[in-house]
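Working notes for the structure below.
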Amino acid sequence: MKRLSWPGRMPVDPYILLLLGTVGLAALFPARGTAADVASGASTAAIAFLFFLYGARLSTREAINGLKHWRLHVTVLVCTFVVFPLLGLAARGLVPVLLTDPLYQGLLFLTLVPSTIQSSIAFTSIARGNVPAAICAGSFSSLVGIVVTPLLAAALLGGSGGFSADSVVEIVLQLLVPFVAGQLLRRWIGAFVTRHKKVLGLVDRGSILLVVYTAFSEGMNRGIWHQIGAVPLAGLLGVEAVLLAVMLTLTWYGGKALRFDRGDRIAIQFAGSKKSLASGLPMASVLFGAHASLAVLPLMLFHQMQLMVCAVIAKRRARDPLDPTGEQAESRSPAAA
């Protein structure tokens, strides 16, 4: 009977409920006028502070040591910025059968954003994989994405996004500059950030909630939600489920084909199959402007889906039996579902 207990197999992260609650709040009480300007400025400052903390947390020595494992990082980058976008382009054939054009544009955008940092590390740790590799892979992906994602958006989204040289500069100022500042100040504040990482971790989630509220308030003010029907939304969820399953399978068996050991394959699977809400939201706000709320909806749904599915996979991998050498044997299926 215990094996049939749904809550234990598919845990619901309270943060997912907070995200949904924030969307509901924006639907009922959207920020307008001066309040909207204040919320927009606060969300920009919060995201900048978030990336400042990323820079302060990442040990420079860890980053340098991580470069030695270049094959793993190249593999994650290829999954994130090559394989994902190719699958996104292939999904174009689903318009208008399963997806509307605006939802497809959002789906394609989610395939262009960097990998996550915190959840990749957390799931790799739970699954007993190579945690240092996950830390560096997520960090490198975020840094590369600051430049690569806007360039890919310009090439693949065309006139759907608001790409320009100013967009790249704005993204760099909002994300990369604070990260570098955190790295430069790490010598003096690194120990403080490490000691208070749980408290400062609230900044991570709080900043994302603020950006979500701002983006969806803008969407409510412009009435764009009338463009979304139940059938296209269901189609989007189905397409994203397939996308996630394909990436989880490719990263797991691809790592095996490239002869990575179990710990590295776990890091590749979790870092190479997920997309960052923290990086994607501010980029979408810059690139899509007033239409950002509709553009980030696929990313928000995919983010929630990946958290629930990867939580199950990580727990299953942690229970892998030991082989004769004392190492954990791999699970029988890539998704371990």
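Residue numbers for the sequence shown follow this note's numbering, so the first one is 5 and each next one is one higher. Cβ atoms here follow ideal geometry from the backbone N, Cα and C, with glycine treated the same way.
Handout entry: Three-way DSSP call (helix, strand, coil) for A185 in this model
Key = As a position in the sequence shown, residue 185 is number 181, starting the count at 1. Of the three classes helix, strand and coil, the one that applies to A185 here is helix, per DSSP.
Practice task
Throw me the rounded Cβ distance for the F127 and C314 pair, which I believe falls under 8 Å.
Solution key: On the sequence shown, residue 127 is found 123 positions in, with the first residue counted as 1. On the sequence shown, residue 314 is found 310 positions in, with the first residue counted as 1. Rounded, the Cβ-Cβ distance is 5 Å, consistent with contact.
Problem - Backbone CA spacing between F307 and F55 [nearest angstrom] - result: Here residue 307 is taken as the residue at index 303 of the sequence shown, counted from 1. Here residue 55 is taken as the residue at index 51 of the sequence shown, counted from 1. Here residue 307 turns out to be His, not Phe, going by the sequence shown. Using only the alpha carbons, I get a separation of about 19 Å.
Exercise for the section: State the DSSP-derived secondary structure class of V82, mapped to helix, strand or coil. Expected result: Along the sequence shown, read from residue 1 onward, the residue named residue 82 stands at position 78. Annotated three-state conformation of V82 is helix, per DSSP.
Handout entry: Of the listed residues S283, G210, A271 and P236, nearest to C83 (C-alpha basis)
Key = For the purposes of this step, residue 83 is taken as residue 79 along the sequence shown, with counting starting at 1. Just measuring C-alpha positions, the residue of S283, G210, A271 and P236 sitting nearest C83 is A271.
Exercise for the section: Specify the secondary structure class of R132 as computed by DSSP and reduced to three states. Expected result: Here the question's residue 132 lines up with position 128 in the sequence shown. R132: coil per DSSP, three-state reduction.
Exercise for the section: Take F183 as the anchor and find which of V148, V216, D265 and L252 has the nearest alpha-carbon. Expected result: One-based indexing of the sequence shown puts residue 183 at position 179. If you compare the alpha carbons of V148, V216, D265 and L252 with that of F183, the shortest gap goes to V148.
Handout entry: Where the alpha helix (DSSP H) containing D105 begins and where it ends
Key = Numbered from its first residue, the sequence shown carries residue 105 at position 101. Boundaries of the alpha helix (DSSP H) harbouring D105: D105 to L114, taken from the DSSP string.
Problem - Span separating the alpha-carbon of L241 from that of S297 - result: On the sequence shown, residue 241 is found 237 positions in, with the first residue counted as 1. On the sequence shown, residue 297 is found 293 positions in, with the first residue counted as 1. Cα to Cα, the separation comes out at about 17 Å.
Problem - For R191 and A340, the rounded distance between their alpha carbons - result: Taking the sequence shown and counting its residues from 1, the one referred to as residue 340 is at position 336. Taking the sequence shown and counting its residues from 1, the one referred to as residue 191 is at position 187. For A340, the pLDDT reaches just 43, beneath the cut-off of 50, and the residue's location in the model is therefore unreliable, leaving the point undetermined.
Handout entry: Bounding residues of the alpha helix (DSSP H) (the contiguous stretch that carries L23)
Key = Reading the sequence shown from its first residue, position 19 is the one you call residue 23. Start and end: P18 to L32.
Problem - Of the residues R320, L285, K278 and L305, the one placed nearest V87, counting alpha carbons only - result: Taking the sequence shown and counting its residues from 1, one reaches residue 87 at position 83. Selected option, being the one with the closest Cα: K278.
Exercise for the section: Could you work out which residue in V246, R209, Q310 and L262 is closest to L22 when comparing CA atoms only? Expected result: Position 18 of the sequence shown, counted from the first residue, corresponds to residue 22. Considering only alpha carbons, the answer is R209.
Handout entry: Cutoff 6 Å; reference P34; Cβ partners in own chain excluding five residues on either side
Key = Numbered from 1 along the sequence shown, position 30 holds the residue referred to as residue 34. These residues qualify, in order along the chain: S221, M224 and N225.
Practice task
Measure the beta-carbon distance from V117 to G284 and round it to whole angstroms, keeping in mind my assumption that it falls under 8 Å.
Solution key: Translated into the one-based positions of the sequence shown, residue 117 becomes position 113. Translated into the one-based positions of the sequence shown, residue 284 becomes position 280. With 8 Å as the limit, V117 and G284 qualify as a contact, their Cβ atoms being about 4 Å apart.
Handout entry: T120, DSSP secondary structure in three states
Key = In the sequence shown, the residue the question calls residue 120 occupies position 116. In the displayed model, T120 falls within coil according to three-state DSSP, outside both helix and strand.
Practice task
Report buried or exposed for P302, applying the criterion of at least 16 other Cβ atoms within 10 angstroms of its Cβ.
Solution key: Position 298 of the sequence shown, counting from 1, holds the residue named residue 302. By the C-beta density criterion, P302 is buried, having at least 16 other C-beta atoms within 10 angstroms.
Practice task
Could you tell me the distance, in whole angstroms, from the CA atom of V243 to the CA atom of F264?
Solution key: The residue given as residue 243 occupies position 239 in the sequence shown. The residue given as residue 264 occupies position 260 in the sequence shown. So the two alpha carbons sit approximately 29 Å from each other.
Practice task
Compare the Cα-Cα distances from Y108 to each of R96, V101 and T198 and report the closest residue.
Solution key: Stepping through the sequence shown from its first residue, residue 108 is reached at position 104. The shortest Cα separation from Y108 among R96, V101 and T198 belongs to R96.
Practice task
Please state if the CB of L262 and the CB of T79 are separated by a distance shorter than 8 Å.
Solution key: Mapped onto the sequence shown, residue 79 falls at position 75. Mapped onto the sequence shown, residue 262 falls at position 258. A contact, by the Cβ cut-off of 8 Å.
Practice task
Output the residue ranges of the alpha helix (DSSP H) runs that lie fully inside the region 246-307 and measure 4 residues or longer, sorted by chain position.
Solution key: Counting whole runs of 4 or more residues, the region 246-307 contains the alpha helix (DSSP H) stretches 266-276 and 281-292.
Practice task
Would you kindly work out how many angstroms separate the C-alpha atoms of H200 and T104, rounded to a whole number?
Solution key: Position 196 of the sequence shown, counted from the start, is the residue given in the question as residue 200. Position 100 of the sequence shown, counted from the start, is the residue given in the question as residue 104. Between H200 and T104, the C-alpha separation is close to 45 Å.
Exercise for the section: Taking only the alpha-carbon atoms, compute the straight-line gap between P338 and I150 and give it to the nearest angstrom. Expected result: Numbered from its first residue, the sequence shown carries residue 338 at position 334. Numbered from its first residue, the sequence shown carries residue 150 at position 146. With a pLDDT of only 45 at P338, under 50, the local geometry of the prediction cannot be trusted, and the value read off the model is given with reservation. So the two alpha carbons sit approximately 30 Å from each other.
Problem - Where the alpha helix (DSSP H) through A50 begins and ends - result: Sequence index remark: in the sequence shown, residue 50 carries index 46 (1-based). Where A50 is concerned, the enclosing alpha helix (DSSP H) starts and stops at T38 to R61.
Problem - Status (buried if at least 16 other CB within 10 Å, exposed otherwise) for D268 - result: Your numbering for residue 268 matches position 264 in the sequence shown. With 16 or more other CB atoms across the displayed protein chains lying within 10 angstroms of its CB, D268 is buried.
Practice task
State the DSSP-derived secondary structure class of V152, mapped to helix, strand or coil.
Solution key: Here residue 152 refers to the residue found at position 148 of the sequence shown. Look at V152 here: in three-state DSSP terms it is helix.
Handout entry: Simplified DSSP state of H200, which is helix, strand or coil
Key = Translated into the one-based positions of the sequence shown, residue 200 becomes position 196. Correct three-state label for H200: coil.
Handout entry: Rounded distance between the beta-carbons of G142 and I175, thought under 8 Å
Key = Within the sequence shown, numbered from 1, the residue matching residue 175 stands at position 171. Within the sequence shown, numbered from 1, the residue matching residue 142 stands at position 138. Separation of the CB atoms of I175 and G142 is rounded to 18 Å, and the pair is thereby denied contact status at 8 Å.
Exercise for the section: Would you tell me roughly how many angstroms separate the C-alpha atoms of R65 and L189, rounded to the nearest one? Expected result: Taking the first residue of the sequence shown as position 1, residue 65 is located at position 61. Taking the first residue of the sequence shown as position 1, residue 189 is located at position 185. A straight-line Cα-Cα distance of about 14 Å links R65 and L189.
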